[in-house]
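Novice: Residue numbers (this note's numbering), protein chains in the order written: chain D, 2 to 306; chain V, 2 to 228; chain A, 28 to 498.
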């Protein structure tokens, strides 16, 4: 069955520098907030990630929120973490999501439940992210479920995953990135970049392995709103935030404007890194600012492919 | 060995409310070694229970019976009289021992004195860590002898996740990142190539997910009913 | 005749053997501990088995130096602090370069080494050298408790306290570039002379310690200067550590000085055997092989290496000549398999408060102040113990049936003759104190007092306060 490719896939395949943003669904059943955020981002980005119970906090499901956002005319990247569902539920959700018209899928491990508001919950992790990427690829290309039975009408998601250039041990993170691409990931979004030097060193190693030619790598950036925000970002395990950024926030009079300025700078610099095919902007809780950042960075209007 | 931790003393006092003649059964195997349920610990609990009772003006008697093991009949039979000479048994054995006693004496109230936690070993005197998940299908050959199921917080098979920092797990800095350990070990063994292979999806039916397990040695156990 | 085994890979071995010979002590040298197949015995009679045969020694003198790591530089390293011979080149009158002394770089420099660094800085400055002393902390008293850094400052040494520092060696110019940040300013220094005190545990030293059953303390492992590097003695009588790098002067003089206290102690052991210091009235513990769980807890905890497995019995047994009856093993044993004849809890004397007094000072201090406690003193039942670490949780909890307050009086940190007995007393008593609260016995109290004969007045105050509180 031939289906039209997703907008994100078409953009990247056409060689355009893609822009994606992110929506964090609400901690309630109120779909209107999702629609509002989608309307904010419409036309400014090529696709929008919809997170899946991020940091183990119960939120509206990624499938549900993605469908709402798409009904506003914004293409979504549905996210699936491995923490909460076993292989039966995951595959079932794949079928449902595709049937509802969702076309992009990001697979990731997910934060451990101890970080969220349900720390006593059972840890599923039936399959890990790389195993699932492989399973989805197998389903999409060969029409076979994990258990071996056939699927008459498989989905055809544009498949992606994540990588963290700043986590330890670095050699193993590169091996893992390669494995994800071997398992079928077609696009990769990185953890937010602040430390450009370290990122460039990482990308060099990525290019050495030829990974940038086998998958579309998009650099992630975060837009900080306040001094507290950047300080907290610095504390997160797996993030590398040079002190100079914190200092800029400390000295800035208009913190929000500084946050935007830093984000725009980073976008412009990351544009020039060889192997980077797009930017993924995370401004969770501050989705309104994404269009400002994109405009100031000179990426509007978005090309149509 | 099995590692267990003594339940908080206030919880024990609450669960023993109303019992007048308490028999504490300590166990001389694993829980002695991890210093949670051996005779020494049982004596300490006895002391606290008696002091607490005295404080409340209650009249109770607490005795300690030390069983070398609580998971084999013969060890228990030897001291049965003392063990049953009370209205409740507080078993300081692991969950196995508590259940064994409860199963052996149908009408006896057997309460657990410990929270059984993991299979592990001592890293140094007084410090034990979890090592084995009892998955029923050992994969240690592929990970340099370090178990990702038991020792990675997310039981990832193709690790690490993005939260590994300075060789520690992001959820608790006391936990070593298992994948850092695996990486170091395989590097030292010159077997880093194995890490590029995708470790396939696991069949969890051999672990507890597949139901409670059993082992029957066909040449030793004469019960044909099992077949 | 007394004889000693000199063990370790150190160039001073020959000189040490010579000094011993001059004093009538025979000496043999062994540079590699892996040649020892079996090591056993007691002070005055250690048996060493190697491929060449078996030999007996009165004592063992370990000379293996701990490894002092230097800042890395291709083709040449910085000048290492501990090796006096190398630091002599700093005094070269022809060189006028600044001398940089960088401490706490990889990790915090141990105090004795920092003290040495300050003394070196002072000497250099007095010799008209330009010295910059960088460290992460400004210690105002070093080692002897003297303000020896004042001497260095007066001589012209520039002290810099830094937060972050980095070092780079420029091979082309043969110069070290040190960038340091003290939180406000950035300092850039360049010099061919960089003195560092990076300090690494030597694998060989650890192997020696393991073979000789010399225990490191819980603080720093084998580096704990109290047990292996600072003092000339380990807790195993007759096993000594010789480190002449820590003293001043020329090599011969340093070796002779360092060997002095060792030889005196050897003589006290004597040729006939070993007189052990056992506190009067304290019994040697015994292991009941039927109860022993063979868990090795006592083996690991014993500060004197006085327990070993008895293969036949599948249990531990006490090595009598080494045991100092501290009874820490008795407190640790989770199977209650260790006990002493004549030991066991003292009967309740009717007092409100019970105090355990360690024999290394607490007991004496208590005896002296007891009369001055008056009526309050009569409320106290006292028990003498060998070490604060010998009072286990079950003993203490049993006490609370009869007493309102239980006190464990033990040594001040560093004074305990049984390594970490004071620390164990704190932890064991602390655990009981927590349990008391949770068991609804909040009116009962468990305390630890660290004391000594010299601190008897403080002890009196503390006891008075505790007794008042429980009234």
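Where a beta carbon is used, it is the ideal one built from N, C-alpha and C, also for glycine.
Do the segment 463-482 of chain A and the segment 432-450 of chain A meet, that is, are 3 or more Cβ pairs less than 8 Å apart?
Specialist: Counting Cβ pairs under 8 Å, three or more are found: they touch.
Novice: Starting from the beta carbon of residue 180/V, find every residue of chain D whose beta carbon is closer than 7 Å, and list them in chain order.
Specialist: Locating residue 180/V in the second chain gives position 179, counting from the first residue. What residue 180/V touches in chain D: 173.
Novice: Is DSSP giving residue 78/A helix, strand or coil here?
Specialist: Here residue 78/A is taken as the residue at index 51 of the third chain, counted from 1. Coil at residue 78/A, not helix or strand.
Novice: Report the rounded CA-to-CA distance for residue 492/A versus residue 350/A, giving the unit in angstroms.
Specialist: Residue 492/A sits at position 465 when you count from the first residue of the third chain. Residue 350/A sits at position 323 when you count from the first residue of the third chain. Approximately 37 Å between the Cα atoms of the pair.
Novice: Kindly indicate which three-state DSSP category residue 30/A falls into: helix, strand or coil?
Specialist: For the purposes of this step, residue 30/A is taken as residue 3 along the third chain, with counting starting at 1. Three-state result, residue 30/A: strand.
Novice: Which same chain residues, not among the five before or five after residue 77/A, have their C-beta less than 8 Å away from its C-beta?
Specialist: Numbered from 1 along the third chain, position 50 holds the residue referred to as residue 77/A. Around residue 77/A: 57, 62, 63 and 64.
Novice: Is there at least one Cβ from chain A nearer than 8 Å to residue 48/V's Cβ?
Specialist: Your numbering for residue 48/V matches position 47 in the second chain. It does: the Cβ of residue 48/V has a partner Cβ on chain A nearer than 8 Å.
Novice: Verify the CB distance criterion: does residue 277/D have a CB-CB separation below 8 Å to chain V?
Specialist: Against the first chain, residue 277/D aligns to sequence position 276. It does not; no Cβ of chain V falls within 8 Å.
Novice: 8 Å is my cut-off, CB to CB: does residue 26/V come that close to chain A?
Specialist: By 1-based counting over the second chain, the position of residue 26/V is 25. Closer than 8 Å: no.
Novice: Is it a yes or a no for the segment 123-134 of chain D touching the segment 63-72 of chain D, going by three-plus beta-carbon pairs under 8 Å?
Specialist: As far as the Cβ criterion goes, the segment 123-134 of chain D does not touch the segment 63-72 of chain D, which means the pair count is below three.
Novice: Return the CA-CA distance between residue 46/A and residue 265/A, expressed in angstroms with no decimal places.
Specialist: Counting from one through the third chain, the residue named residue 46/A turns up at place 19. Counting from one through the third chain, the residue named residue 265/A turns up at place 238. Straight-line Cα distance between these residues: approximately 18 Å.
Novice: Measuring only the C-alpha atoms, how far is residue 296/D from residue 18/D?
Specialist: Position 295 of the first chain, counted from the start, is the residue given in the question as residue 296/D. Position 17 of the first chain, counted from the start, is the residue given in the question as residue 18/D. If you take the alpha carbons of residue 296/D and residue 18/D, they lie about 14 Å apart.
Novice: For the segment 160-175 of chain V, list every residue whose C-beta sits within 7 Å of some C-beta in chain A, in sequence order.
Specialist: If the cut-off is 7 Å between Cβ atoms, the segment 160-175 of chain V has nothing near chain A.
Novice: Just to make sure I have the definition right: I need the residues of chain A whose C-beta is within less than 7 Å of the C-beta of residue 124/V. Which are they?
Specialist: If you number the second chain from 1, residue 124/V lands on position 123. What residue 124/V touches in chain A: nothing, since even the nearest Cβ is about 12 Å away.
Novice: Using only alpha-carbon positions, find the residue among 394/A, 342/A, 87/A and 149/A that is nearest to residue 238/A.
Specialist: Within the third chain, the letter at position 211 stands for residue 238/A. Residue 87/A is the option with its Cα nearest to residue 238/A.
Novice: Mind checking whether residue 84/A and residue 48/V have CB atoms under 8 Å apart?
Specialist: Residue 84/A sits at position 57 when you count from the first residue of the third chain. Residue 48/V sits at position 47 when you count from the first residue of the second chain. No, they are not a contact pair.
Novice: Does the Cβ of residue 30/D have 16 or more other Cβ atoms within 10 Å, making it buried, or fewer, making it exposed?
Specialist: For the purposes of this step, residue 30/D is taken as the residue at position 29 of the first chain. Exposed, since its Cβ has fewer than 16 Cβ neighbours within 10 Å.
Novice: With three or more C-beta pairs closer than 8 Å as the rule, is the segment 133-146 of chain D touching the segment 164-174 of chain D?
Specialist: In short, these stretches do not touch, since the Cβ pair count stays below three.
Novice: What number of angstroms, rounded off, separates the C-alpha of residue 157/D from the C-alpha of residue 130/V?
Specialist: Mapped onto the first chain, residue 157/D falls at position 156. Mapped onto the second chain, residue 130/V falls at position 129. Straight-line Cα distance between these residues: approximately 44 Å.
Novice: With H, G and I counted as helix, E and B as strand and the rest as coil, what does DSSP make of residue 438/A?
Specialist: By 1-based counting over the third chain, the position of residue 438/A is 411. Of the three classes helix, strand and coil, the one that applies to residue 438/A here is strand, per DSSP.
Novice: Taking a contact to mean a Cβ-Cβ separation below 8 Å, would you say residue 413/A touches residue 386/A in this structure?
Specialist: In the third chain, counting from the first residue as 1, residue 413/A sits at position 386. In the third chain, counting from the first residue as 1, residue 386/A sits at position 359. Closer than 8 Å, so yes.
Novice: Between 219/V, 36/V and 17/V, which has its C-alpha nearest residue 113/V's C-alpha?
Specialist: By one-based count along the second chain, residue 113/V stands at place 112. Of 219/V, 36/V and 17/V, the residue nearest in Cα terms is 17/V.
Novice: Tell me, please, whether the CB atom of residue 416/A is closer than 8 Å to any CB atom in chain V?
Specialist: As a working mapping, residue 416/A is identified with position 389 in the third chain. It does not; no Cβ of chain V falls within 8 Å.
Novice: Is the beta carbon of residue 355/A less than 8 Å from the beta carbon of residue 445/A?
Specialist: Numbered from its first residue, the third chain carries residue 355/A at position 328. Numbered from its first residue, the third chain carries residue 445/A at position 418. Contact flag set, yes.
Novice: Flag this pair as yes or no: are the beta carbons of residue 406/A and residue 379/A separated by less than 8 Å?
Specialist: For the purposes of this step, residue 406/A is taken as residue 379 along the third chain, with counting starting at 1. For the purposes of this step, residue 379/A is taken as residue 352 along the third chain, with counting starting at 1. Against a cut-off of 8 Å, the Cβ pair of residue 379/A and residue 406/A comes out as a contact.
Novice: Which value, in whole angstroms, describes the spacing of the CA atoms of residue 191/D and residue 59/D?
Specialist: Locating residue 191/D in the first chain gives position 190, where the first residue counts as 1. Locating residue 59/D in the first chain gives position 58, where the first residue counts as 1. If you take the alpha carbons of residue 191/D and residue 59/D, they lie about 24 Å apart.
Novice: Taking Cβ positions only, does residue 9/V come closer than 8 Å to chain A?
Specialist: Mapped onto the second chain, residue 9/V falls at position 8. It does; some Cβ of chain A falls within 8 Å.
Novice: How would you write the range of the alpha helix (DSSP H) that residue 100/V sits in, first residue to last?
Specialist: If you number the second chain from 1, residue 100/V lands on position 99. Note, residue 100/V: alpha helix (DSSP H), 96-105.
Novice: Can you tell which of 75/D, 203/D and 256/D has its C-alpha closest to the C-alpha of residue 194/D?
Specialist: To locate residue 194/D, count along the first chain from 1; it is residue 193. Nearest option by C-alpha distance: 203/D.
Novice: Which residues mark the beginning and the end of the alpha helix (DSSP H) in which residue 424/A is found?
Specialist: For this step, residue 424/A is matched to residue 397 along the third chain. From DSSP, the alpha helix (DSSP H) with residue 424/A extends over 420-426.
Novice: On the DSSP bridge list, what partners appear for residue 68/V?
Specialist: In the second chain, residue 68/V corresponds to position 67, counting from 1. According to DSSP, residue 68/V bridges with 28/V.
Novice: Could you name the residues of chain E that residue 154/V contacts, counting a contact when the two beta carbons are closer than 7 Å?
Specialist: No chain E is part of this structure, whose protein chains are labelled D, V and A.
Novice: If you follow the alpha helix (DSSP H) that residue 282/A is in, where does it begin and where does it stop?
Specialist: For the purposes of this step, residue 282/A is taken as the residue at position 255 of the third chain. Start and end: 278-296.
Novice: Quick check on residue 256/A: does DSSP put it in helix, strand or coil?
Specialist: Sequence index remark: in the third chain, residue 256/A carries index 229 (1-based). Residue confidence is low: residue 256/A scores 42 on pLDDT, short of 50, so the model does not pin down where it sits. No coordinate-derived value is stated.
Novice: Hey, residue 44/V and residue 395/A are a contact pair by Cβ (cut 8 Å); roughly how many whole angstroms apart?
Specialist: Numbered from its first residue, the second chain carries residue 44/V at position 43. Numbered from its first residue, the third chain carries residue 395/A at position 368. No, residue 44/V and residue 395/A are not in contact; Cβ-Cβ is about 34 Å, not under 8 Å.
Novice: Exposed or buried, what is residue 150/D when buried is set at 16 or more other beta-carbons lying within 10 Å of its beta-carbon?
Specialist: Mapped onto the first chain, residue 150/D falls at position 149. With fewer than 16 Cβ atoms within 10 Å of its Cβ, residue 150/D is classed as exposed.
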